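Asks: Counting in our numbering, the sequence shown runs from 26 upward without gaps.
What follows is a structure written as structure tokens; I'll ask about it next.
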Amino acid sequence: MWPLDFITEQDFETHVKATIEKYGEKLDSFDLKRFNKNLIDPVKLIFDKTVYRSTWEEIVSNEIFRQRDKSNNNDIGYFHQRIFQYIDNCEVPPNGESGGWDVIYRNPNGIEIPDAGKVSTVYVEMKNKHNTMNSASAGKTFIKMQNQLLNDDDCACFLVEAIAQRSQNIKWETTVDKKKVGHKLIRRVSMDRFYELVTGEEDAFYKMCMVLPEVIEKVVNTMDDVRVPEDTVMSELREWAQHLDGATEDLSIAMAVYMLGFSGYNGFY
């Protein structure tokens, strides 16, 4: 029996598939050219390998994972945001439309806001993590929310965080022009509390998380174009190292890594 009442199994699988498809070229294998596309820092790799007592295979694998992960964050942001298009009373506007909000939640019966009564609409700015905004970005977002309140006296504005410091629905206080500001209708809300608000189920986000691994596995197994990356960075480094002068294979690979970033530097060519 499908355990989620607020989204159908078909819609959830469709959304998971769309998120996986966003991975796109990030599933392509890494060769040495792609590995060094933005110029790695050879000195950092040498320090990391030695200090963490890692092998070259582990360090190279970690760096490839880091590069993939850096661009995957936007895809997970897509998952967190776009799922609400399938949930009753929620709108996910196209990028740049409807004021540029990530999610708009409307309820004609009213939406209870702690210590602030009821409103008809909640406008949402969504972030992956609580610490992804610097002070300038936070100030700009707060001003945007203030302007929305000026234009609509029957709404609230939420900064919804997928990875918040704690479960919360609190007044958001930040700094704008070096002054601490806050408003009871401008709030910081953790993802679990936002799910609770729009679904009426206290543990709705928990239930979604519990079913997610199985659904991802199911969807991946049905997608013919989801490929397993076969990275060749390490084998290419080893081949390169064979032509370099190093007292040991380890030092020869280190020389090959140095050449990735320093091939045009004095002494390296």
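Beta carbons are placed, not taken as given, at the ideal position from N, Cα and C, and that holds for glycine.
All of these numbers come straight from a predicted model, not from anything done at the bench.
Work out the CA separation of S277 and I89 for me, nearest whole Å.
Replies: C-alpha separation (whole angstroms): 21 Å.
Asks: State the beta-bridge partners of G142 as determined by DSSP.
Replies: Note: G142 sits in a beta bridge opposite I138.
Asks: Could you work out which residue in L210, K154, V282, Q190 is closest to Q173 when comparing CA atoms only?
Replies: For Q173, the nearest C-alpha among the options comes from L210.
Asks: Going by DSSP in three states, N194 sits in which element: helix, strand or coil?
Replies: If DSSP states are grouped into helix, strand and coil, N194 belongs with the strands.
Asks: Could you tell me which residues DSSP puts in a beta bridge with F183?
Replies: DSSP lists V149, R212 as partners of F183.
Asks: Cutting at 8 Å between CB atoms, please list the residues of its own chain near E330, excluding the five before and the five after it.
Replies: With the chain covering 26 to 294 only, the question about residue 330 has no answer from this structure.
Asks: Taking 8 Å as the threshold (C-beta atoms), are D113 and T146 in contact?
Replies: Cβ atoms of T146 and D113: not closer than 8 Å.
Asks: Would you mind sorting W27 into buried or exposed? The rule is 16 or more other CB atoms within 10 Å of its CB.
Replies: Exposed.
Asks: Please name the residue or residues paired with K204 in a DSSP beta bridge.
Replies: For K204, which the question treats as bridged, DSSP gives the partners V201.
Asks: Determine contact between the segment 210-221 and the segment 133-147, defined as no fewer than three beta-carbon pairs at a distance below 8 Å.
Replies: As far as the Cβ criterion goes, the segment 210-221 touches the segment 133-147, which means the pair count is three or higher.
Asks: Among S288, M233, V282, which residue has its Cα nearest to the Cα of T33?
Replies: Nearest of S288, M233, V282 to T33, Cα basis: M233.
Asks: Tell me where the alpha helix (DSSP H) around I241 begins and ends.
Replies: First-last of the alpha helix (DSSP H) with I241: 229-247.
Asks: Hey, out of L70, E137, K95, R93, whose CA is closest to E83's CA?
Replies: Of the candidates L70, E137, K95, R93, the one whose C-alpha sits nearest the C-alpha of E83 is L70.
Asks: Check whether the segment 261-277 and the segment 103-117 are in contact - that is, three or more C-beta pairs closer than 8 Å.
Replies: Too few Cβ pairs lie closer than 8 Å, so no.
Asks: Can you list, in chain order, the residues of its chain with a C-beta nearer than 6 Å to that of G283? Leave out the 5 residues immediately preceding and following it.
Replies: The amino acid occupying residue 283 in the given sequence is Tyr; Gly does not appear at that position. Within the same chain, Y283 has close Cβ partners P67.
Asks: Near V244, what residues of its chain come up, given a Cβ to Cβ distance below 7 Å and the 5 sequence neighbours on each side ignored?
Replies: Here the set comprises E38, V41, K42, I45.
Asks: Kindly give me the distance between the Cβ atoms of R218 and Q193, rounded to whole angstroms, as I take these residues to be in contact under 8 Å.
Replies: Right, their Cβ atoms sit about 7 Å apart.
Asks: Roughly how many whole angstroms lie between the Cα atoms of K154 and G292?
Replies: Going from the Cα of K154 to the Cα of G292 covers about 44 Å.
Asks: Tell me the DSSP bridge mates of K165?
Replies: According to DSSP, which records beta bridges pairwise, K165 is partnered with nothing at all.
Asks: Decide yes or no for the touch test of the segment 255-269 against the segment 57-65: beta carbon pairs closer than 8 Å, at least 3 of them.
Replies: With the cut-off at 8 Å, the segment 255-269 and the segment 57-65 touch.
Asks: Our contact map puts Y148 next to C180 with C-beta atoms below 8 Å; I'd like the distance itself, whole angstroms only.
Replies: Right, the Cβ-Cβ distance comes to about 6 Å (below 8 Å), so this counts as a contact.
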